[in-house]
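One line per chain: the protein sequences are A and B, in this order. Converting from the first sequence to the working numbering requires adding 112 to each position, the first position being numbered 1. Converting from the second sequence to the working numbering requires adding 6 to each position, the first position being numbered 1. Positions of the beta carbon are idealized from the N, C-alpha and C atoms, including for glycine. As the structure is a computational prediction, the values presented were derived from the model and not from experiment. In what follows, a structure is listed as structure tokens, so that the remarks can point back to it.
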Amino acid sequence: MLNKLYDWVDERLDITPIWRDIADHEVPEHVNPAHHFSAFVYCFGGLTFFITVIQILSGMFLTMYYVPDIENAWQSVYYLQNEVAFGEIVRGMHHWGASLVVVMIFLHTLRVFFTGSYKKPRELNWVVGVMLFGVILGLSFTGYLLPWDMKALFATKVGIEIAASVPVIGETIKILLAGDSTILGAQTLTRFFAIHVFFLPAALLGLLAAHFIMIRRQGISGPL
Amino acid sequence: MHRGKGMKFVGDSRVPSKEFRKPNIPKDYSEYPGKTEAFWPNFLLKEWMIGSVFLIGYLLLTVAHPSPLEGQADPTDTAYIPLPDWYFLFLYQLLKYEFASGPFNVVGAIIIPGLAFGALMLAPFLDRGPERRPSKRPLPTGFMLLAIASIVFLTWESVANHDWEAAARQGEITEEVEIDTADPGYEIYSAAACISCHGDNLEGAVGPSLIGTGLSAEEIAEIAVNGIEAGGVQSMPPSWDGSEEDLQVMTEFIAGLEAE
Numbered sequence: 113m114l115n116k117l118y119d120w121v122d123e124r125l126d127i128t129p130i131w132r133d134i135a136d137h138e139v140p141e142h143v144n145p146a147h148h149f150s151a152f153v154y155c156f157g158g159l160t161f162f163i164t165v166i167q168i169l170s171g172m173f174l175t176m177y178y179v180p181d182i183e184n185a186w187q188s189v190y191y192l193q194n195e196v197a198f199g200e201i202v203r204g205m206h207h208w209g210a211s212l213v214v215v216m217i218f219l220h221t222l223r224v225f226f227t228g229s230y231k232k233p234r235e236l237n238w239v240v241g242v243m244l245f246g247v248i249l250g251l252s253f254t255g256y257l258l259p260w261d262m263k264a265l266f267a268t269k270v271g272i273e274i275a276a277s278v279p280v281i282g283e284t285i286k287i288l289l290a291g292d293s294t295i296l297g298a299q300t301l302t303r304f305f306a307i308h309v310f311f312l313p314a315a316l317l318g319l320l321a322a323h324f325i326m327i328r329r330q331g332i333s334g335p336l
Numbered sequence: 007m008h009r010g011k012g013m014k015f016v017g018d019s020r021v022p023s024k025e026f027r028k029p030n031i032p033k034d035y036s037e038y039p040g041k042t043e044a045f046w047p048n049f050l051l052k053e054w055m056i057g058s059v060f061l062i063g064y065l066l067l068t069v070a071h072p073s074p075l076e077g078q079a080d081p082t083d084t085a086y087i088p089l090p091d092w093y094f095l096f097l098y099q100l101l102k103y104e105f106a107s108g109p110f111n112v113v114g115a116i117i118i119p120g121l122a123f124g125a126l127m128l129a130p131f132l133d134r135g136p137e138r139r140p141s142k143r144p145l146p147t148g149f150m151l152l153a154i155a156s157i158v159f160l161t162w163e164s165v166a167n168h169d170w171e172a173a174a175r176q177g178e179i180t181e182e183v184e185i186d187t188a189d190p191g192y193e194i195y196s197a198a199a200c201i202s203c204h205g206d207n208l209e210g211a212v213g214p215s216l217i218g219t220g221l222s223a224e225e226i227a228e229i230a231v232n233g234i235e236a237g238g239v240q241s242m243p244p245s246w247d248g249s250e251e252d253l254q255v256m257t258e259f260i261a262g263l264e265a266e
């Protein structure tokens with residue numbers, strides 16, 4: 113039955129090559145922890161992706177309750193944390209996932225760096241990877257403000273002051289992020305929400321696609 | 007190459023005719039001698055076990071440590087000591103050194119992080135040799151180890167210099183309780199010196215909040231009369247100078263205030 117369905121779609125869309133491109137490849141021995149335990153260092157990239165997926169899913173559920181508005185943001189998070197069934201777990205996963213994804217992407221970067229895997233022909237994939245690192249840090253920074261509690265507000269204040277100290281364009285960056293040259297308030301919260309939920313995830317998915325397409329094209333780097 | 011010019015399509019669609027379809031033969035991986043394994047399904051079936059172990063640890067962390075939530079943001083609180091999330095601590099700490107703050111702020115805020123991030127991004131173009139082993143390319147390895155050591159050191163310094171107890175106190179969610187201002191206890195409270203430090207709604211100001219203290223009326227009376235002294239520091243002066251009866255009415259009122 114499933115095979116027939118697959119054949120029916122395949123006959124029309126020729127999906128087999130797509131499928132083969134994604135999943136049909138051999139995993140070489142030197143990256144397989146089943147053969148060499150030390151190869152677990154090659155898992156960090158996959159785990160980063162795994163947490164990213166969890167972050168996207170838990171984030172989608174969080175937006176079902178969260179209200180990006182200075183009157184209600186904190187109230188909605190408080191309600192989510194204390195009243196909603198499993199709200200504490202979903203928010204907890206998003207909170208700890210934010211830390212874990214930074215740890216994992218850092219370890220993945222170090223693995224690629226110390227195995228010299230960024231060398232020719234994989235230069236572009238490294239550059240895309242570092243951009244992904246930047247996007248993840250941007251997501252962490254913008255997500256930190258959203259609960260609108262004390263530490264969120266003041267950490268963001270510091271962060272925006274640092275951005276404002278960039279020569280020449282600092283003031284513009286500040287206004288772009290905060291929505292105002294002096295006030296950090298309602299406008300800032302909605303902007304950070306938009307950046308955290310729409311702009312950066314869009315960039316993240318685009319870069320991730322490029323990252324994965326490139327690794328499928330080039331394959332994983334050989335043993336040292 | 008079957009794509010592009012010369013491609014034969016079925017009718018008007020973009021579906022290639024059968025002769026141009028990719029054959030369903032897995033690629034040859036003779037490039038990697040040794041025990042290769044098919045990604046799908048063999049390797050993935052082992053990989054999900056690593057994922058599961060990781061997920062269990064992750065969920066245990068989530069259950070054991072509920073994510074923190076401090077009191078609602080109050081931009082007027084100028085005494086709040088800010089702290090970024092832990093993975094930005096090293097950048098934050100860097101700004102506290104003399105060479106990277108004040109007039110040299112741009113050094114700590116932009117130049118040093120910018121150079122580090124730029125060098126990281128351009129690593130493949132800076133380190134162009136064919137050698138891949140870390141020991142065979144001492145400069146990149148050395149710089150990266152130096153960067154990791156600095157990040158660890160700066161994060162450590164930041165954590166060691168931060169007053170975590172004060173941070174926990176300043177972030178507490180302040181309980182709001184309806185105060186019955188017509189209560190005789192409240193009238194005594196507002197007429198006495200207490201109100202100047204503990205606030206109109208007993209929410210705390212210079213002194214701490216008096217709501218939900220967990221103390222009995224006698225203990226509160228004892229503090230009101232004698233103040234609090236610990237370790238030679240008088241954190242609260244002896245404050246009560248009214249009558250015994252008033253003291254009892256007021257302390258019973260305060261002891262009865264429970265957080266919702």
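- Between the alpha carbons of leucine 66 of chain B and aspartate 206 of chain B lies a distance of about 43 Å.
- Using a CB distance cut-off of 8 Å, aspartate 181 of chain A does not count as an interface residue toward chain B.
- The beta carbons of isoleucine 194 of chain B and aspartate 252 of chain B sit closer together than 8 Å.
- Classified as exposed, glutamine 187 of chain A has fewer than 16 neighbouring CB atoms from the shown chains inside 10 Å of its CB.
- Distances from the CA of phenylalanine 311 of chain A to each of A:Leu117, A:Thr254, A:Met326 were compared; the closest alpha carbon is that of A:Thr254.
- Per DSSP, the beta-bridge partners of isoleucine 234 of chain B are B:Met242.
- Nearest to leucine 319 of chain A by C-alpha distance, out of A:Pro180, A:Met243, A:Arg203, A:Leu336, is A:Met243.
- Contact annotation: methionine 242 of chain B and glycine 233 of chain B have beta-carbon atoms nearer than 8 Å.
- In the three-state DSSP reduction, glutamate 43 of chain B falls in the strand class (E or B).
- Sorting A:Lys286, A:Thr160, A:Trp238, A:Val202 by C-alpha distance to the C-alpha of valine 215 of chain A places A:Thr160 at the top.
- Residue burial is scored here from C-beta neighbours: arginine 124 of chain A has fewer than 16 other C-beta atoms within 10 angstroms and is therefore classed as exposed.
- Within chain B, the C-beta atoms nearer than 8 Å to that of serine 277 of chain A come from Asn111, Val112, Ala115, Ile116, in chain order.
- Residue environment: serine 252 of chain A is assigned as buried (16 or more neighbouring CB atoms within 10 Å of its CB, all protein chains considered).
- In the displayed model, glutamate 137 of chain B falls within coil according to three-state DSSP, outside both helix and strand.
- Tryptophan 208 of chain A sits away from tyrosine 93 of chain B, with the two beta carbons spaced by 8 Å or more.
- Residue pairing by DSSP puts glutamine 78 of chain B in a beta bridge opposite A:Asp261.
- In the three-state DSSP reduction, valine 59 of chain B falls in the helix class (H, G or I).
- With its beta carbon less than 8 Å from one in chain B, glutamine 193 of chain A belongs to the interface.
- Taken atom to atom, the span from the alpha-carbon of arginine 139 of chain B to that of threonine 147 of chain B is near 9 Å.
- Looking from the CA of valine 139 of chain A, the closest CA among A:Thr128, A:Pro129, A:Cys155 belongs to A:Cys155.
- The shortest C-alpha to C-alpha distance from isoleucine 134 of chain A to any of A:Ala314, A:Gln330, A:Pro335 is the one to A:Gln330.
- Closest in C-alpha terms to arginine 203 of chain A, from the list A:Leu258, A:Leu219, A:Lys286, comes A:Leu258.
- Relative to the Cα of threonine 180 of chain B, the nearest Cα in the group B:Leu100, B:Val69, B:Glu264, B:Gly120 belongs to B:Glu264.
- Within the model, the alpha-carbon separation for isoleucine 217 of chain B versus tyrosine 190 of chain A is close to 20 Å.
- Under the Cβ criterion of 8 Å, glycine 271 of chain A is counted among the residues facing chain B.
- In summary, histidine 308 of chain A is buried, with 16 or more beta-carbon neighbours lying within 10 Å of its beta-carbon over all protein chains present.
- For methionine 326 of chain A, the enclosing alpha helix (DSSP H) covers residues 312-330.
- For the stretch 149-209 of chain A, the continuous alpha helix (DSSP H) assignments of 4+ residues that do not extend past its boundaries occur at 156-174, 185-194, in sequence order.
- Residue contact with chain A for isoleucine 56 of chain B: present (Cβ-Cβ distance below 8 Å to some residue of chain A).
- The beta strand (DSSP E) runs of length 3 or more contained entirely in the stretch 177-213 of chain B do not exist; there are none.
- The beta carbon of leucine 212 of chain A falls within 8 Å of a beta carbon belonging to chain B, placing the residue at that interface.
- Counting along the chain, the unbroken alpha helix (DSSP H) around lysine 286 of chain A starts and ends at 282-290.
- The beta carbon of alanine 199 of chain B lies closer than 6 Å to those of Ser245 in the same chain, with the five residues before and after it left out.
- For glycine 114 of chain B, the closest alpha carbon among the candidates B:Leu160, B:Val165, B:Leu152 is that of B:Leu160.
- For tryptophan 120 of chain A, not one C-beta of chain B is nearer than 8 Å to its own C-beta.
- Under the DSSP assignment, tyrosine 230 of chain A falls outside any alpha helix (DSSP H); it carries neither an H nor an E label.
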